Amino acid sequence: MNTYKCSVCGYVYESEEIYDKCPVCGAPRDKMMELDQEAKDKVYNSDVTNDIHMDIITLAASLIELCEDGIEENLDPTCVRAFEISKNLAWQIKQVSKAELEKHVQKGKW
Ligand SMILES: [Zn+2]
1 MNTYKCSVCG
11 YVYESEEIYD
21 KCPVCGAPRD
31 KMMELDQEAK
41 DKVYNSDVTN
51 DIHMDIITLA
61 ASLIELCEDG
71 IEENLDPTCV
81 RAFEISKNLA
91 WQIKQVSKAE
101 LEKHVQKGKW
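Quick note on full-length UniProt numbering: the sequence shown kicks off at 1 and runs consecutively.
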């Protein structure tokens, strides 16, 4: 089994044969490159941490929504303030994981 990567969109797939075109973006065959062992290791080793970052981003997004619901309830100023602080912290958590994921993509750790 070989591993190929689309140089246009970054889609990685395993196959005996190289595809005629990318199943994701439709780029032609000559845009596919075969990954060597080092590149493959990078892709697979980062799968777990990428998933963790994705989970953190999803959880943080839920937190932000919850805080917005709380702000909308507008019970009293200190309660609204508490939700605003939490919303800001959740947004920061989300941005940290997003920034790290972006670095992984740039380094081919995807
Ligand atoms: Zn593609």
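Glycine included, each C-beta is placed from N, C-alpha and C at the ideal position.
Treat the numbers as computed from the prediction; the structure is a model and nothing was measured.
With the rule of 3 Cβ pairs closer than 8 angstroms, the stretch 81-93 counts as touching the stretch 41-61.
The Cβ atoms of I64 and K87 lie closer than 7 angstroms to each other. Burial check for Y4: the Cβ neighbour count within 10 Å reaches 16 or more, so the residue is buried. Not one heavy atom of ligand 1 sits closer than 6 angstroms to the Cβ of A90. Those residues placing their Cβ nearer than 5 angstroms to any heavy atom of ligand 1 are, following chain order, C6, V8, C9, Y11, C22, V24, C25, A27. Residue environment: L101 is assigned as buried (16 or more neighbouring CB atoms within 10 Å of its CB, all protein chains considered).
Contact annotation, N74 with E34: C-beta distance approximately 58 angstroms; criterion of less than 8 angstroms not satisfied.
Here the alpha carbons of E14 and C6 stand approximately 12 angstroms from one another. Considering only D51, V24, Y11, the residue with the shortest C-alpha distance to K40 is Y11. For C67, the enclosing alpha helix (DSSP H) covers residues 37-73. Secondary structure note for C9: it is in no alpha helix (DSSP H), with a DSSP letter that is neither H nor E.
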